[in-house]
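Top line first, the protein sequences correspond to chains A and B.
Residue 435 in this note's numbering sits at position 435 of the first sequence; the count goes up by one each step and never skips.
The number in this note's numbering is simply the position in the second sequence, starting from 1, with 486 added.
One structure is given below, encoded as structure tokens.
2 protein chains.
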Amino acid sequence: MSEKSRGTVDFEFSVDRNIKVPLTDQILGYIKMKIIKGDWITGQKLPSQRKLAELLSVNRSTIVEAYSELISLGIIEGKYGRGSEIVNNTWSMMLSGNTPEWNRYIESGIHKANQPTIQTINMLEFDNTITRLSTGEMAPELFPHEMMKKVLDKIPSRAFSLNYIEPLGLLELRKALSKYLKIHGLDVKPSELLIVSGSLQALQLISISILKPGSIVYAEEPSYVNSLRIFQSNGMKMKGIPMDRSGMMPWIIDSNDSENSIMYTIPSFHNPTSINMSEERRREVLDWCISHRMPLIEDDAYRELWLDEPPSKPIKTMDSTGNVLYLGTASKSLAPGLRIGWVAGPEAVVERLGDIKMQTDYGASSLSQWAMTEWIESGLYEEHLKIFRKKLKNRRDFVLDVLEDYYSDIADWNIPQGGYYIWLRLKRKTNMDKVFETALEEKLLFNPGFIYSLKNNSNLRLSYSYAQLDELKKGLIKLAEIIEEK
Amino acid sequence: MSEKSRGTVDFEFSVDRNIKVPLTDQILGYIKMKIIKGDWITGQKLPSQRKLAELLSVNRSTIVEAYSELISLGIIEGKYGRGSEIVNNTWSMMLSGNTPEWNRYIESGIHKANQPTIQTINMLEFDNTITRLSTGEMAPELFPHEMMKKVLDKIPSRAFSLNYIEPLGLLELRKALSKYLKIHGLDVKPSELLIVSGSLQALQLISISILKPGSIVYAEEPSYVNSLRIFQSNGMKMKGIPMDRSGMMPWIIDSNDSENSIMYTIPSFHNPTSINMSEERRREVLDWCISHRMPLIEDDAYRELWLDEPPSKPIKTMDSTGNVLYLGTASKSLAPGLRIGWVAGPEAVVERLGDIKMQTDYGASSLSQWAMTEWIESGLYEEHLKIFRKKLKNRRDFVLDVLEDYYSDIADWNIPQGGYYIWLRLKRKTNMDKVFETALEEKLLFNPGFIYSLKNNSNLRLSYSYAQLDELKKGLIKLAEIIEEK
């Protein structure tokens, strides 16, 4: 390769103004073709932007756009004083070839317009200069450091090695969970439990091992799962089920397509609405699913985070038919970074999911699994929850006071009985994209309601779990001003 | 549901002996249809096997087979003295509906015949009564307990919380790795590194985000990747590249299908042959890949485990075109249970892989990532490697002595310069399935060579890394007897 000429490439090309392809795309297509054919090689230079604009008689901005795209694909690098050099010809081409396909896959989902918003949120959640009004995580200051230290101290004496672990996950952890879950009324054997690297992975495993492309996933409207790509990326369709104060109302929808469909619900302190499903509704939802032969995914991530009184027993406790797959996680109640969640269900189902898990990552971190075992067995997990609930309740009350003072005229909201979120409904129809952008300029990040919804709305999700209280208050006051101005 | 009759179902059906469908399948089909239609419900009983055999005028074994299948699908349960009861009608049906499709997907791969062997191996690796002659893991007794204790002691002072982590993984770990990898001649920025939950996940991410169904994955013949389902399950095809003592020889294959293809290699102490690629061969493989515009996955899992002298520098260090994606892992050198691996490559590629990772599991365990950071930064990782290499070398020499004494007449083998494995070539063509089965009866587990190969062979992989030495010796002596008898 290195023997070949390293000069500037020959640009034997002219644009065609009679076809409908944008000029930028024509130029990009020519350059990519030359590189992929091997006519132009790594180390050669493209003409300067000014020269190429002259040569092709196009606007300079057309060339700027084409070169920027090549830079972002990693195909060329703009080096100061040295022009634009071809730096890669293999990966970049595969990626640029793949980009449209991956996008097409994602865009075939329902949620196109919102994608950029979610990307922005994911990115800015790691920016420390931003006040995060919606983040669904425990504040770092609430993390139980001292207890974690005790847990880590105990691990060396029990984890004799960190070898590969059997498909369903560490037996000690499954035994500890089997015992612990009894306090929620769940009677689950270790063989009916699968340890996963967080609930998101459980959903991923369900979508690739139980559902099919074209399967319908029913969920509350709005729902957290609508902000994920997981089902859509695997070819499933999302359909929304309306809610009232007691939870989802599946009987309202007209479902004749129950074959290969699945129901997903967050019954306890629902994300994003915080609605807590009543005991009666839990039975009704279960009965509806059984009579429609529709398996039910019960995502109980927020169960432990009750602030006034515990939620009703899990739907799974009411089910004698094996219809419910129950998801739990340490991510909201203890630490998302542990990446530990669990799935409880019929043995045949959890074994299937466990097999597929082994094929993709050989199981969750044993260090995390041993840590979680120790958290539960030592009783520190329950002790931590007691303290955490109190602190979370103070945070909730603090934010409710702020809302009372600054949002009474512009919004309605629920009073959450648990979980992390307040679901704010603006009284006036508002362009939430604009509010989102203006808030960002003020270094405020919040999650607009439309990312959780299959339709547009003028809602927003607030979280009292993450930001520091003084910052949170300042941010909320500023946000109210922004909303009023729009 | 519970109001309906709970008696024995009505079996209005007769088999048809004029069609080609096996009687068992006819009976199974009828039962499943009745349950899926809801005519028969949970809690009802099927006729006893004897009665049903009489009723349908079929052999009793036909009914036994049908009921066994229903039991294994979780659709019925055989209760002592109470007959066979329908226990499930939703999940089971979805699973039984899905089974053929998932199998079809896997079976469209090349490797059908071996699947059961690999399943057996995966299962028995968690059976403590078995002597494991091939397991590719560090023996629990070699695990550096005391050092791990020091590492865990340090974590609380630095991991202020275990919150979600940015898409590429913990920055502190990427910085530590960026520095550490310099000792191998690798000059990789933290932004060019992605932390994964083990190398297997890296391969999974590559297959779903860079390759396409129909893409060809070239790898050494034999190769570890042939024992995985990962590429085949995603629709890729495997093709083998012959090796000599210096490593793979890609120029021997006739490749016109380089578009969307990828090269996978384990250059240092290859799994399963332990062949260590020469420096010259590394350059030749790289040149071949570049001239064929084929990206190269360099899986360097065994680099640190040299026993006599370090292997040549990674292929990636010879590459100025960004053609190589370099995989490293702590699984072989420290602890598989950490589930920590890394990918080094062009920023655009690792970012793409990181995005897809976020969509499937929100990243690797932060606890594991902090632990690995501490291992590297404290210098304990290098200290451990020095000790581990010495112990591993003793183990290798011990096993080579055993082979010299007991296998000289029946096999040839390489002398591994590093890694875990000895690749045994039997002198006589041998039915390895039979040897495998007989060995299992004697509580000996080994990996037959054919699971790593696209063709049959009379090889087997041994590992000197896992079993206790006295057990290993006893097992190997017994295995030699079994081989001689076949």
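We treat Cβ as the ideally placed atom computed from N, Cα and C, and that holds for glycine.
- Distance from the CA atom of B:K725 to the CA atom of B:I716, rounded to whole angstroms, is 14 angstroms.
- Note that the C-beta distance between B:N945 and B:G961 is not below 8 angstroms.
- Cβ proximity to chain B below 9 angstroms picks out S320, T321, G322, N323, L325, S331, L334, A335, P336, G337, L338, R339 from the segment 318-339 of chain A.
- Under the three-state reduction of DSSP, B:S819 is assigned to coil, being neither helix nor strand.
- Interface residue (Cβ-Cβ distance to chain A less than 8 angstroms): B:F717 is not classified as such.
- Here the alpha carbon of B:Y812 sits roughly 13 angstroms from the alpha carbon of B:L663.
- Separation of the CB atoms of B:R911 and B:D898 is rounded to 5 angstroms, and the pair is thereby assigned contact status at 8 angstroms.
- DSSP, read as helix, strand or coil, puts A:I208 in helix.
- Taking a cut-off of 8 angstroms for Cβ pairs, the segment 796-809 of chain B and the segment 148-159 of chain A do not touch, as fewer than three such pairs fall below it.
- Within the DSSP secondary-structure output, A:K150 pairs in no beta bridge.
- Counted as a single uninterrupted DSSP element, the beta strand (DSSP E) harbouring B:M724 occupies residues 723-727.
- Look at the beta carbons and you see the segment 452-470 of chain A touching the segment 219-227 of chain A: at least three pairs across the two are nearer than 8 angstroms.
- By the Cβ test, the segment 832-849 of chain B is in contact with the segment 678-694 of chain B, since at least three Cβ pairs between them sit closer than 8 angstroms.
- Flagged as an interface residue toward chain B: A:D361, by a C-beta distance shorter than 8 angstroms.
- Pairing B:I549 with B:G560, the inter-Cα distance amounts to about 17 angstroms.
- In chain order, T321 make up the part of chain A whose C-beta sits under 7 angstroms from the C-beta of B:T528.
- Nearest to B:A625 by C-alpha distance, out of A:I262, A:I183, A:L338, A:N163, is A:N163.
- The three-state reading of DSSP puts A:I297 in strand, counting E and B together.
- In the three-state scheme derived from DSSP, where H, G and I count as helix and E and B as strand, B:A953 is classed as coil.
- In this structure, DSSP gives B:D613 a state outside helix and strand, which the three-state scheme calls coil.
- Assigned with DSSP and collapsed to three states, B:K531 falls in strand.
- Counting the other Cβ atoms within 10 Å of the Cβ of B:K675 gives fewer than 16, which makes it exposed.
- Across the segment 654-672 of chain B, no CB contact with chain A closer than 8 angstroms is found for any residue.
- Distances from the alpha-carbon of B:G721 to those of B:E658, B:K698, B:N757 put B:K698 closest.
- Given a length threshold of 4 residues, the segment 881-916 of chain B has no whole run of the alpha helix (DSSP H) inside it.
- In this structure, the beta-carbon distance from B:N933 to B:S547 does not fall below 8 angstroms.
- With distances taken between CA atoms, B:D613 lies nearest to B:K929 out of B:I963, B:K929, B:S543.
- Each residue's CA atom was taken as its position, placing B:A966 and A:G363 some 34 angstroms apart.
- Residues are counted here when their Cβ sits less than 7 angstroms from a Cβ of chain A; for the segment 612-644 of chain B these are F612, E623, P626, F629, H631, M634, K635, L638, I641, P642, given in chain order.
- Just measuring C-alpha positions, the residue of A:E309, A:V324, A:G214 sitting nearest A:I266 is A:V324.
- A:F269 places its beta carbon less than 8 angstroms from that of A:N276.
- Legend: CB atoms of the segment 857-870 of chain B lying less than 7 angstroms from CB atoms of chain A belong to residues A857.
- Excluding residues up to 5 positions away in sequence, K443, L444, L445, A467, E471, L472, K474, G475 lie with their Cβ nearer than 8 angstroms to the Cβ of A:T131 in the same chain.
- Only L73, G74 from the segment 56-85 of chain A bring a Cβ to less than 7 angstroms from some Cβ of chain B.
- If the five residues before and after B:A552 are omitted, its C-beta is found closer than 6 angstroms to the C-beta atoms of T510, I513, L514, all from its own chain and listed in chain order.
- Taking C-beta separations shorter than 7 angstroms and ignoring five residues to either side along the sequence, the partners of B:S701 in its chain run M722, N746, S747, I748, following chain order.
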